[in-house]
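Trainee: Protein chains in written order, with my numbering: chain A, 8 to 299; chain B, 36 to 376.
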Amino acid sequence: MIMEKLSDAGERTVGQSPVRSSPSGNRPAPPPRTGEPAPDGGLAVAARDFSFWYGKTQALDSITLDVPVRRVSALIGPSGCGKSTFLRSINRMNDLIPDTRHEGEILLDGSAVYSSGRDVVELRKRVGMVFQKSNPFPKSIYENVAYGPRVNRLVSSRGDMDALVEESLRQAALWDEVKDRLDRSALGLSGGQQQRLCIARALAVSPEVILMDEPASALDPIATQKIEELIHELKDRYTILIVTHNMQQAARVSDFTAFFFMGRLIEIGKTEEIFTNPRQEQTEAYITGRFG
Amino acid sequence: MNPKADPPVGIPEATPASVSAPPGGPGPFRRLFPSRQRGNVQDQVYGFALKGFGILLPVLFLFMVHRIGTSAWPAIQTFGWGFITSQEWNPVLRDFGALPFIFGTIVSSFLALAIAVPLAVGLAIFLTELAPRWLAGPVAFATELLAAIPSVVYGLWGIFVLVPFLRFTIQEPLSRRFGDTIPFFEGPAYGFSMMSGAVILSIMIIPFISAVTREVLVAVPREQREAALALGATRWEMTWQVALPYAAPGIMGGAILGLGRALGETMAITMVIGNRPDISASLFAPGYTMASVLANEFTEATGALYLSALMEIALLLFGITILVNIAAQFLVWRVSRRGGS
Ligand SMILES: Nc1ncnc2c1ncn2[C@@H]1O[C@H](COP(=O)(O)OP(=O)(O)OP(=O)(O)O)[C@@H](O)[C@H]1O
Ligand SMILES: [Mg+2]
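1. In the region 182 to 238 of chain B, which residue ranges form an unbroken beta strand (DSSP E) of at least 3 residues, counting only runs that do not cross its ends?
2. Can you name, in chain order, every residue of its own chain whose Cβ lies under 8 Å from the Cβ of B/L340, other than the five neighbours on each side?
3. Listed from N- to C-terminal order along the chain, which residues in the region 262 to 278 of chain B have their beta-carbon within a distance smaller than 8 Å of any beta-carbon of chain A?
4. Quick check on this structure: which residue in B/Q79, B/I241 and B/S317 has the alpha carbon closest to the alpha carbon of B/I286?
5. Could you give the residue range of the alpha helix (DSSP H) that holds A/T278?
6. Assuming A/A265 contacts A/L82 under a Cβ cut-off of 8 Å, what Cβ separation, rounded to an integer in Å, is found between them?
7. Can you list the residues of chain A that B/Y281 reaches, using a CB-CB cut of under 7 Å?
8. When the Cα atoms are used, what is the spatial distance from B/L403 to B/L345?
9. Taking the straight line between their C-alpha atoms, what separation do you get for B/F333 and B/L181?
10. Within the continuous alpha helix (DSSP H) that includes A/D167, where are the two ends?
11. What is the DSSP secondary structure of A/L226, counted as helix, strand or coil?
12. Please confirm if A/F138 has its CB atom under 7 Å from at least one CB of chain B.
13. Assess, as a yes-or-no matter, whether the region 64 to 74 of chain A is touched by the region 200 to 215 of chain A under the definition of 3 or more beta carbon pairs within less than 8 Å.
14. Quick one: using the 10 Å Cβ neighbour count with 16 as the cut-off for buried, is B/L294 buried or exposed?
15. Where does A/N142 land, buried or exposed, given buried means 16+ other C-beta within 10 angstroms?
16. I'd like to know whether the C-beta of A/E11 is nearer than 7 Å to at least one C-beta of chain B.
17. Do you know whose CA, among A/L237, A/S224 and A/L196, lies nearest A/I206's CA?
18. Helix, strand or coil for A/E110 per DSSP?
19. For the region 149 to 168 of chain A, enumerate the residues whose C-beta is nearer than 7 Å to any C-beta of chain B, in chain order.
20. Does chain A have any CB closer than 7 Å to the CB of B/E258?
21. Determine whether the Cβ of A/N284 lies closer than 7 Å to any Cβ atom of chain B.
22. Tell whether a beta-carbon distance below 7 Å holds between B/Q206 and B/F353.
23. Do you know how far the Cα of B/G214 is from the Cα of B/P208?
24. Nearest chain E C-beta to A/I217 closer than 7 Å, yes or no?
25. Excluding the five sequence neighbours on either side, which residues of its own chain have a C-beta within less than 6 Å of the C-beta of A/P37, listed in chain order?
26. Beta carbons nearer than 8 Å to chain B: which residues of the region 86 to 103 of chain A have them?
27. Give the secondary structure of B/G295 by DSSP, where H, G and I count as helix, E and B as strand, and everything else as coil.
28. Can you look up B/F365 in the DSSP assignment and give me helix, strand or coil?
29. With three or more C-beta pairs closer than 8 Å as the rule, is the region 226 to 234 of chain B touching the region 114 to 122 of chain A?
30. If you measure from the CB of A/S91, is any heavy atom of ligand 4 nearer than 6 Å?
31. Just how far apart, CA to CA, sit A/E150 and B/G267?
32. Among all the DSSP beta bridges, which residues are the ones paired with A/S6?
33. Exposed or buried, what is B/R369 when buried is set at 16 or more other beta-carbons lying within 10 Å of its beta-carbon?
34. With respect to 6 Å, is the separation between the Cβ of A/A66 and the closest non-hydrogen atom of ligand 1 below this value?
35. Over what stretch of residues does the alpha helix (DSSP H) that includes A/Q202 continue unbroken?
36. Just to confirm, are B/S144 and B/G222 a CB contact at a threshold of 7 Å?
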């Protein structure tokens, strides 16, 4: 029943979209039923009837959604609705968990993420990830940022690595705070700095898409604001998909918002429309705080 | 909330602490070590018992050191530093030097460690990172069973299986081929040798080291592994560059446990090392360890000085074990600090 409503809602979303451009040609047949491509480009990530199970528990149920290129898309929804599962399906982080299976497909720039010949290492290089709890390696600040380029053999000379580390830290708005102590342990940084270091570390391998799972949920308001400003800076260059429990945050940082409920995608659209004029009752109930 | 927790004014101080310990009041620590005014009899008895056990162990330790020390005193007085630099061990002439035993203990233990650590860590990596679950469980169980085998059984197995195998399959060919050029492989291959001792020790300590390593590898936070994988590291790179360094202090701790056991191991190594108080570069030559000489000669030690010399060896073994442990603890501390804040 909900699925009917959902596709119905999707149809309408697409139909009413004022800025809709024709979908990019490299994508296979099914036209976008939800969301909308950015004015200037195609889809970074697209899910097609994607379902996911942990053992016998179904965590995702036929998710079909498009993530436009170089925009910030927010995933919202009550706890346990499958936001993290969906995010971790995109870079196949769930492969690590035993007894899981999926159906349907996720596409990265048009090519199937779950196809049998897919190089997972290459996929994860293209899709960076920032975790809820900052997780720097117990190494120096420099080594943390240099780790990704090193395993992916992106640079050969020490000088290039220095430049890349600096550039990544600058992009993550952390350079000025750490430039004098690059060789000190990353664990000596504050929580907010550690999280920005993790962002810098992800940026260093030049991903196309960055997945952020509640990146600011463990931070104080000032550190949170810094992360939000950073997301704003980064969206010109990267496609960002962020999970958040904070409605204001979703409203502030994202261009598009998707509402998940009990493993299903209930609604997706432009953030201002979702927040001012949601089409689904459940969405409205959630964002106005009546449940969740 | 609980009205009982709010006693009316004027209630005497004697209210038992355990009935209504105010939240945020004395923590469990204070409960175990009750201060003068609060705590009931039960808490007090409990506290005294704990304190008693806590003090008993150091006292026991000091008592043992004292006993061994006084027994060893005549030998210490007679030989001075010469005891640990002399290679002479002649009960008939009452001339005692412990160097061959110290050499035997240290060389056999560290050789055993050198053999055991790579194998044990490799096994632990296989079990935690690579092996499918149906295989990992039984293999881990079997490895742990190795630790439960009595040491005399290891010794017997060593005499009848390991020593002949080493002698005819390893030592003799090596001795023929390299005996003249490499001092480690010099001399006749008896089988009963430093090499046999080290190998049997290494087999005995592998279960310890691999069990500890497995535990610390499993304890590496999932976030650390995911951080590496999310950056495009392969499983192999993740294991070697992130999981192992994170687990390194713990692995060292396991190695220390193993070394401690190797230093003190008596029965099995006594049965295969050959028991000859010589210092030789050759791994094929027999040796003798401190623990072995104590076990072998204690019953037949005639004369006060002989007994005292053995006591001094016991004291030295004690000292070396403690020293190794302190050094190792320091190493672990250094390694775990390097990564930390
Ligand atoms: N490793 C796992 N094993 C089994 N079930 C899991 C696992 N991870 C998540 N689940 C289940 O899958 C469902 C979706 O979980 P998920 O973590 O994706 O939710 P979420 O939307 O991210 O929630 P939150 O907002 O609390 O982070 C939940 O019912 C959860 O219990
Ligand atoms: Mg989550």
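Think of the CB as a built atom: it goes at the ideal place given N, C-alpha and C, for glycine as much as any other residue. Bear in mind that the values here come from a model prediction, so they are computed numbers and not experimental data.
Mentor: Taking the definition as stated:
1. none
2. What you label residue 340 of chain B is simply residue 305 of the second sequence in a count that begins at 1. Only P109, A110, T113, R129 and F131 meet the Cβ criterion.
3. A262, A263, L264, A265, L266, G267, A268, T269, E272, Q276 and V277
4. Along the second sequence, read from residue 1 onward, the residue named residue 286 of chain B stands at position 251. The option with the nearest alpha carbon to B/I286 is B/I241.
5. Along the first sequence, read from residue 1 onward, the residue named residue 278 of chain A stands at position 271. Segment T278 to T283, the alpha helix (DSSP H) holding A/T278.
6. Along the first sequence, one-based indexing puts residue 265 of chain A at 258. Along the first sequence, one-based indexing puts residue 82 of chain A at 75. At roughly 5 Å, the Cβ-Cβ gap stays under 8 Å, so A/A265 and A/L82 are in contact.
7. Along the second sequence, one-based indexing puts residue 281 of chain B at 246. Under the 7 Å cutoff, chain A gives P145.
8. Because chain B spans 36 through 376 in this model, residue 403 of chain B falls outside it and cannot be assessed.
9. Taking the first residue of the second sequence as 1, we reach residue 333 of chain B at position 298. Taking the first residue of the second sequence as 1, we reach residue 181 of chain B at position 146. Looking at the two C-alpha atoms, the distance is approximately 29 Å.
10. Counting from 1 along the first sequence, the entry for residue 167 of chain A is found at position 160. Unbroken alpha helix (DSSP H) run through A/D167: R165 to Q178.
11. Walking along the first sequence from the start, residue 226 of chain A turns up at place 219. If DSSP states are grouped into helix, strand and coil, A/L226 belongs with coil.
12. Indexing the first sequence from 1 puts residue 138 of chain A at position 131. Chain B contact via Cβ: present.
13. no
14. Position 259 of the second sequence, counted from the first residue, corresponds to residue 294 of chain B. Its Cβ being crowded by 16 or more others within 10 Å, B/L294 is buried.
15. Translated into the one-based positions of the first sequence, residue 142 of chain A becomes position 135. Counting Cβ neighbours within 10 Å, A/N142 comes out buried, since at least 16 surround it.
16. Counted from its first residue, the first sequence places residue 11 of chain A at position 4. Bear in mind that a pLDDT of 37 at A/E11, under 50, signals an unreliable position, so the number given afterwards is only what the model happens to contain. False, the Cβ-Cβ gap to chain B never drops below 7 Å.
17. Your numbering for residue 206 of chain A matches position 199 in the first sequence. Checking every option, the nearest Cα to that of A/I206 belongs to A/L237.
18. Position 103 of the first sequence, counting from 1, holds the residue named residue 110 of chain A. The answer is strand: DSSP assigns A/E110 an E or B state.
19. Y154, G155, V158 and N159
20. As a working mapping, residue 258 of chain B is identified with position 223 in the second sequence. Judged by the 7 Å Cβ criterion, B/E258 is in contact with chain A.
21. Mapped onto the first sequence, residue 284 of chain A falls at position 277. Chain B places no beta carbon closer than 7 Å to that of A/N284, leaving this residue out of the contacts.
22. Looking up residue 206 of chain B in the second sequence gives position 171. Looking up residue 353 of chain B in the second sequence gives position 318. In this structure, B/F353 does not lie closer than 7 Å to B/Q206 by Cβ.
23. Residue 208 of chain B sits at position 173 when you count from the first residue of the second sequence. Residue 214 of chain B sits at position 179 when you count from the first residue of the second sequence. Cα-Cα distance, rounded: 9 Å.
24. In summary, chain E is missing from the structure at hand, where the protein chains are A and B.
25. Taking the first residue of the first sequence as 1, we reach residue 37 of chain A at position 30. Confidence is the limiting factor: at A/P37 the pLDDT is only 38, short of 50, which leaves the residue's position unreliable, though a coordinate-based value still follows. Same-chain partners within the cutoff: there are none.
26. N98, M100 and L103
27. The residue labelled residue 295 of chain B in the question sits at position 260 within the second sequence. Here B/G295 sits in helix by DSSP.
28. By 1-based counting over the second sequence, the position of residue 365 of chain B is 330. When DSSP states are grouped into helix, strand and coil, B/F365 belongs to the helix group.
29. no
30. For the structure depicted, ligand 4 is absent and the ligand set comprises only ligand 1 and ligand 2.
31. Along the first sequence, one-based indexing puts residue 150 of chain A at 143. Along the second sequence, one-based indexing puts residue 267 of chain B at 232. One C-alpha to the other measures close to 15 Å.
32. Since the first residue of chain A shown is 8 and the last is 299, residue 6 of chain A is not available in this structure.
33. Position 334 of the second sequence holds residue 369 of chain B. Taking a 10 Å sphere around the C-beta of B/R369, we find fewer than 16 other C-beta atoms and assign the residue as exposed.
34. If you number the first sequence from 1, residue 66 of chain A lands on position 59. True, at least one ligand heavy atom lies under 6 Å from that Cβ.
35. Residue mapping note: residue 202 of chain A aligns to position 195 of the first sequence, counting from 1. Here the alpha helix (DSSP H) through A/Q202 covers G198 to L210.
36. Counted from its first residue, the second sequence places residue 144 of chain B at position 109. Counted from its first residue, the second sequence places residue 222 of chain B at position 187. Not a contact, by the Cβ cut-off of 7 Å.
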